[in-house]
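In my numbering, the protein residues as written are 28 to 310. Every residue, glycine too, gets a C-beta built ideally from N, C-alpha and C.
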C-alpha cells in the first residue's frame, strides 16, 4: 500500500494542486526554468499613472499560453489577475519567494487559473526529471519500510487518462528483478528464464473533490493489479493517505495562503482556479 501511495501522490501533485508551478516558485527557479511561451499578454492598470513610480499598481493581468518548463513539461494556459499591489521599488527582487515577499510593502493577492491538457500531463510524466523524482522517492520509501536497499521496484509506463465529472485513471507498472539463477537444462524454456522480472500492472480510478478550498480528497477509489480487483480496504487506505498529503495549508510556512476556488476535470483537460495571498517578510 505504501508503494502505491507514494507513486500516486507524486503523480497527483503534478496536476491537482498546480504542484509543479508552486514547487518552482518556492525554489526560486521559475524564471530560469521557463524555456518558451507561445503567447503572452501583460496589462497593468493604474490610475493615476504616477502611482506606478511610487510602487503602487491597481491591477496586473497576465495571460500566457503554451508555457514550457524544462523539456517535456508544458502548461496549456496560465492566467493571473492581481488585487492592488504595493512594492518597494528600491528593494524589488524576484529571484525567489523570500526575496519577493521582502519586496512587498503590503500583502499581495490575486486569482490564478491553470490548465493542463491530458497530453501535457502525460508528456510531463514521461520527462526524465519527473520520472527520476518518482523513482527516487519510491526507492527511499521501500528502503525505509523494508530496512534494506536490496529490495527495489522499477516504475514504468505511467499513463494518465482524464475523465468527466472530476474523475481520472492512472496506470503504471512496477517491476522487481528476479534473483539471478544459473541456467540449467530444466530451467531453459521456463517462464522464469523467459521473464527475468516480476511485474505488477496497476490501474487506479478515482474522483477528486475539493474540501473547504484547502484540501483535495480522493473518493470512490477503484483499482486492479494484473487485472484482478484490489480490495476496498487497501484502496480506501491509500486514498486517505494521499488525501492527507494534498493540503494547501502546508504552504503557510512559506508565507503563502492558497485556496482552491474551482477544480474541474473533463476528457480534454484539468482546470484549476485558485486564490493566492502572499504575505510580506522582513529582510
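Alpha carbon to alpha carbon, how far is residue j from residue i? Give it in angstroms, no decimals.
i	j	result
residue 23	residue 273	With the chain running from 28 to 310 in the structure shown, residue 23 is simply not present.
residue 232	residue 65	33 angstroms
residue 85	residue 132	14 angstroms
residue 108	residue 153	31 angstroms
residue 216	residue 225	In this predicted model, residue 216 has a pLDDT of only 49, less than 50, meaning its place in the structure is not dependable enough to derive any value.
residue 261	residue 296	29 angstroms
residue 242	residue 288	11 angstroms
residue 182	residue 200	6 angstroms
residue 186	residue 67	30 angstroms
residue 5	residue 263	Nothing can be reported for residue 5, as the shown portion of the chain is limited to 28 through 310.
residue 72	residue 163	45 angstroms
residue 308	residue 137	18 angstroms
residue 106	residue 93	12 angstroms
residue 234	residue 74	45 angstroms
residue 290	residue 276	17 angstroms
residue 303	residue 167	32 angstroms
residue 43	residue 265	Note on residue 43: pLDDT 39, under 50, position unreliable in the model; no value is reported.
residue 118	residue 83	14 angstroms
residue 159	residue 122	26 angstroms
residue 202	residue 248	23 angstroms
residue 305	residue 251	42 angstroms
residue 110	residue 120	20 angstroms
residue 155	residue 165	15 angstroms
residue 157	residue 292	22 angstroms
Report yes if the CB atom of residue i is closer than 8 angstroms to the CB atom of residue j, and no otherwise.
i	j	result
residue 140	residue 300	yes
residue 179	residue 229	no
residue 194	residue 294	no
residue 135	residue 112	yes
residue 246	residue 236	yes
residue 298	residue 69	no
Kindly give me the distance between the Cβ atoms of residue i and residue j, rounded to whole angstroms, as I take these residues to be in contact under 8 angstroms.
i	j	result
residue 62	residue 115	Wrong, their Cβ atoms sit about 31 angstroms apart, outside the cutoff.
Pairs of beta-carbons, one from the stretch 246 to 257 and one from the stretch 283 to 300, closer than 8 angstroms: are there three or more?
no
Say whether the stretch 111 to 128 touches the stretch 89 to 96, bearing in mind that this needs 3 or more beta-carbon pairs closer than 8 angstroms, one atom from each stretch.
no
Do the stretch 95 to 106 and the stretch 135 to 147 make contact, defined as three or more Cβ pairs closer than 8 angstroms?
yes
Residue ranges of each beta strand (DSSP E) within the stretch 99 to 150, 3 or longer:
101 to 109 and 135 to 144
Which runs of the alpha helix (DSSP H) fall wholly inside the stretch 212 to 299 and span at least 4 residues, in chain order?
218 to 221 and 259 to 272
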